[in-house]
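Each remark here refers to the structure printed beneath this line.
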Amino acid sequence: MTRYAEVIGDPIAQSKSPAIHNFWLAELGIEGRYDHCLVKLEDLGDYLAKRRADPDWRGCNVTMPHKLSILPLMDRLDPLAAQIGAVNTVVRESDGTLTGYNTDAPGFLEPVRDELAKTHLFRMARILGTGGAARAIIAALANEHFVIVLAGRDPAKARAMLDELAPGGEHHAIGLDHFADATDFAFDDREQCFDLVVNASPLGMTGQPPLAFDFSHAPPRSVVYDIVTSPLDTQFLQDARGAGFETVDGLSMLIGQADSAFMHFFGARPPRDRDAALRELILS
Numbered sequence: 024m025t026r027y028a029e030v031i032g033d034p035i036a037q038s039k040s041p042a043i044h045n046f047w048l049a050e051l052g053i054e055g056r057y058d059h060c061l062v063k064l065e066d067l068g069d070y071l072a073k074r075r076a077d078p079d080w081r082g083c084n085v086t087m088p089h090k091l092s093i094l095p096l097m098d099r100l101d102p103l104a105a106q107i108g109a110v111n112t113v114v115r116e117s118d119g120t121l122t123g124y125n126t127d128a129p130g131f132l133e134p135v136r137d138e139l140a141k142t143h144l145f146r147m148a149r150i151l152g153t154g155g156a157a158r159a160i161i162a163a164l165a166n167e168h169f170v171i172v173l174a175g176r177d178p179a180k181a182r183a184m185l186d187e188l189a190p191g192g193e194h195h196a197i198g199l200d201h202f203a204d205a206t207d208f209a210f211d212d213r214e215q216c217f218d219l220v221v222n223a224s225p226l227g228m229t230g231q232p233p234l235a236f237d238f239s240h241a242p243p244r245s246v247v248y249d250i251v252t253s254p255l256d257t258q259f260l261q262d263a264r265g266a267g268f269e270t271v272d273g274l275s276m277l278i279g280q281a282d283s284a285f286m287h288f289f290g291a292r293p294p295r296d297r298d299a300a301l302r303e304l305i306l307s
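Okay, so the sequence shown: first residue is 24 according to my numbering, each after it adds one.
See the structure below:
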């Protein structure tokens with residue numbers, strides 16, 4: 024039998040995770056495979072019950088809409104996953120028990136690590152969306168000393184998330200529609216500042232409505248980051264580049280979070296020196 028892992032979600036056919044993990048398996052000469060599996064919310068418990076009985080199943084990555092719903096189905100949680108309150112990686116232990124991890128937080132930070140290594144007078148992130156991925160991003164950026172503006176359809180939910188995940192900071196919750204219309208706000212000098220604008224919602228994803236964001240709300244020299252991976256070059260990123268901003272696409276975060284998951288599943292560090300070839304494969 025061949026050991027395997029997979030990614031689950033609904034929808035799931037668009038996932039690029041199988042291409043990433045199978046590329047690494049081939050590069051390292053490891054016998055194994057990584058699949059995708061459509062799992063409806065009401066079937067999540069049955070799916071895990073069947074998989075935990077299979078010794079060849081090493082675990083799964085978890086995407087929308089299961090990152091929060093899967094929490095009570097775990098036997099144990101890694102401390103970071105417990106802090107964030109969301110799981111994106113499930114590992115089957117040798118005794119069949121399941122451990123939940125969150126690799127979204129370090130995966131999100133990976134493409135901006137060089138900038139974070141610098142000293143800034145001020146750091147601010149505008150985060151759009153209040154789902155499971157946003158929870159990891161809020162926690163990660165709060166730990167990196169960002170002031171956070173969290174925008175959601177329900178500002179009260181956004182406020183509660185900030186109070187839970189980034190307590191003690193001067194963070195702000197706001198309605199998502201605030202950013203849809205142009206503003207004439209005059210930003211102050213952003214020299215030695217680091218500003219992020221992050222789409223942490225499914226808006227702009229294939230089959231979803233577009234994200235309405237006017238780039239007059241983005242301070243000069245902001246980095247615009249979209250975690251959506253289908254399509255990879257979203258309209259949000261295209262508009263950001265058109266407005267003169269540096270951008271980071273969702274594949275960067277996906278590869279970053281997959282790095283840790285691969286080690287859990289297959290016991291080896293992925294060949295990150297082959298990232299350029301991996302991107303070329305996925306984009307071909």
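Every residue gets a Cβ at the ideal spot worked out from N, C-alpha and C, and that includes glycine. Being a predicted model, the structure only gives us computed values, none of them experimental.
Three-state class that DSSP yields for residue i in the structure shown
i, result
"Ala300", "helix"
"Arg26", "coil"
"Ile53", "coil"
"Glu133", "helix"
"Ala319", "The question about residue 319 has no answer, for the chain in this structure spans 24 to 307."
"Arg99", "strand"
"Asp207", "coil"
"His168", "coil"
Burial state of residue i (16 or more Cβ within 10 Å)
i, result
"Pro293", "buried"
"Glu29", "buried"
"Met286", "exposed"
"Ala159", "buried"
"Ala36", "exposed"
"Leu234", "buried"
"Asn166", "exposed"
"Lys39", "buried"
"Phe131", "buried"
"Gln280", "buried"
"Met184", "buried"
"Phe202", "buried"
"Gly55", "buried"
Check whether residue i and residue j have beta carbons under 8 Å apart
i, j, result
"Leu199", "Arg213", "no"
"Pro225", "Val247", "no"
"Leu91", "Ala109", "yes"
"Thr126", "Ala284", "yes"
"Ala140", "Leu164", "no"
Contact belief for residue i with residue j at Cβ below 8 Å, rounded distance in angstroms
i, j, result
"Ala42", "Leu304", "6 Å"
"Gly119", "Leu94", "About 19 Å separates the two Cβ atoms, so there is no contact after all."
"His194", "Val170", "6 Å"
"Val85", "Val271", "Wrong, their Cβ atoms sit about 22 Å apart, outside the cutoff."
Residue i to residue j span [Cα, whole Å]
i, j, result
"Ala299", "Leu306", "11 Å"
"His168", "Arg146", "7 Å"
"Leu260", "Glu116", "39 Å"
"Met228", "Ile278", "18 Å"
"Asp66", "Cys83", "15 Å"
"Val221", "Gly152", "9 Å"
"Val172", "Pro78", "44 Å"
"Gly155", "Met87", "8 Å"
"Thr25", "Lys73", "17 Å"
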